[in-house]
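Undergrad: Okay, handing you the structure first.
In this note's numbering, the protein residues as written are -9 to 301.
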């Protein structure tokens, strides 16, 4: 394989990347492309083969997937609107805010960034902080910050796609519980409880049940949309995890409502649900990360065996 073949593979990739960026409407300058190309060339080295180039480019993802990430990152400026002069993201009195259009890419990087040691990070949209599950996983020893070159990038496509089954299953459980118990629920149902289990607020049966169904269904549908767009693996897995959290929360509240209306005391369904809504997304993200790490190790061993030991 000649150097020309290697260079042609790199140039073809970035030509397709530029076309994908233009199609997405994102902004990219020559310096950004030059930096990315230099990264690839540096990783491949002066004696790299076409297989080496293919491996490095695979870590970046397809040109289309990389273009989506660039589009999600937004324009490379200080975040100030040219029309209003107001920054679209930053801090106000020490509290972070981000008023840019919601992006699955930004949301995913907030959810899972093991290289960032901060557990509390600015929200990808809105005011305040959200939890970086990646940092939490590192703190608990579930993963290491350098386990994967690209988060979930080496995980098998079937594994990434299968993560959507988790929130869909919980959504089905919410719908089933609502259908089975609907007729036995009174017109007014409890919606909020104190720590001791006393009912603190009530709501109408219809609006309460429909609201909980929406809490489970809407995020799951949005996650399905992220999967359907063939977004980067990180975006898809994070969307599945976030919708799983919200669907589990909806299921726990509905279960507590049914529990209370049957005259039973305690709020154990609610507390059990809160624990599950935290544990299940955490387990999902960690599991896919470990699958990705194993796949990367196998790929590296395969590459080493094909190239032979270094001289």
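Every residue, glycine too, gets a C-beta built ideally from N, C-alpha and C. Quick caveat: nothing in here was measured; it's all calculated off a predicted structure.
Excluding the five sequence neighbours on either side, which residues of its own chain have a C-beta within less than 7 Å of the C-beta of residue 257, listed in chain order?
TA: Locating residue 257 in the chain shown gives position 267, where the first residue counts as 1. These residues qualify, in order along the chain: 183, 187, 246.
Undergrad: Measuring straight from C-alpha to C-alpha, what distance separates residue 158 and residue 32?
TA: Position 168 of the chain shown, counted from the start, is the residue given in the question as residue 158. Position 42 of the chain shown, counted from the start, is the residue given in the question as residue 32. Their backbone Cα atoms lie some 43 Å apart in a straight line.
Undergrad: Ordered along the chain, which non-local residues of its own chain (more than five positions away) have a Cβ less than 7 Å from that of residue 143?
TA: The residue you call residue 143 lines up with position 153 of the chain shown. If we look at residue 143 and ignore the five residues flanking it on each side, its Cβ neighbours are 49, 51, 223, 282.
Undergrad: Which residue spans inside the stretch 139 to 188 form an unbroken beta strand (DSSP E) run of at least 3?
TA: The stretch 139 to 188 contains these whole beta strand (DSSP E) runs: 178 to 183.
Undergrad: Between residue 193 and residue 181, how many whole angstroms is the CB-CB distance? I'm expecting something under 8 Å.
TA: Locating residue 193 in the chain shown gives position 203, counting from the first residue. Locating residue 181 in the chain shown gives position 191, counting from the first residue. With 8 Å as the limit, residue 193 and residue 181 qualify as a contact, their Cβ atoms being about 4 Å apart.
Undergrad: Mapping the DSSP letters down to three states, classify residue 191 as helix, strand or coil.
TA: Along the chain shown, one-based indexing puts residue 191 at 201. Three-state result, residue 191: strand.
Undergrad: Tell me whether residue 83 sits in a helix, a strand or coil according to DSSP, three-state version.
TA: Start at 1 with the first residue of the chain shown, and residue 83 comes out as number 93. Coil.
Undergrad: Along the alpha helix (DSSP H) that carries residue 119, what are the first and last residues, could you check?
TA: Residue mapping note: residue 119 aligns to position 129 of the chain shown, counting from 1. Where residue 119 is concerned, there is no enclosing alpha helix (DSSP H), although the beta strand (DSSP E) it sits in stretches over 119 to 121.
Undergrad: Rounded to whole angstroms, what's the CA-CA distance from residue 163 to residue -4? Just pull it up for me.
TA: Residue 163 sits at position 173 when you count from the first residue of the chain shown. Residue -4 sits at position 6 when you count from the first residue of the chain shown. Using only the alpha carbons, I get a separation of about 52 Å.
Undergrad: Within its chain, find whatever has a CB closer than 8 Å to the CB of residue 168; leave out the 5 residues flanking it on each side and keep chain order.
TA: If you number the chain shown from 1, residue 168 lands on position 178. Around residue 168: 199, 202, 203, 244.
Undergrad: Does the separation of the CB atoms of residue 115 and residue 86 fall below 8 Å?
TA: Along the chain shown, one-based indexing puts residue 115 at 125. Along the chain shown, one-based indexing puts residue 86 at 96. Contact flag unset, no.
Undergrad: How close, in whole Å, do the beta carbons of residue 138 and residue 279 come, if the pair is a contact with beta carbons under 8 Å?
TA: Numbered from its first residue, the chain shown carries residue 138 at position 148. Numbered from its first residue, the chain shown carries residue 279 at position 289. About 6 Å; that satisfies the 8 Å criterion.
Undergrad: Per the DSSP calculation, residue 112 is bridged to which residue(s)?
TA: The residue you call residue 112 lines up with position 122 of the chain shown. Answer is 119.
Undergrad: Can you tell me the Cβ-Cβ gap for residue 237 and residue 160, rounded? I've got them flagged as a contact below 8 Å.
TA: Residue 237 sits at position 247 when you count from the first residue of the chain shown. Residue 160 sits at position 170 when you count from the first residue of the chain shown. The pair is a contact, with the Cβ atoms about 4 Å apart (cut-off 8 Å).
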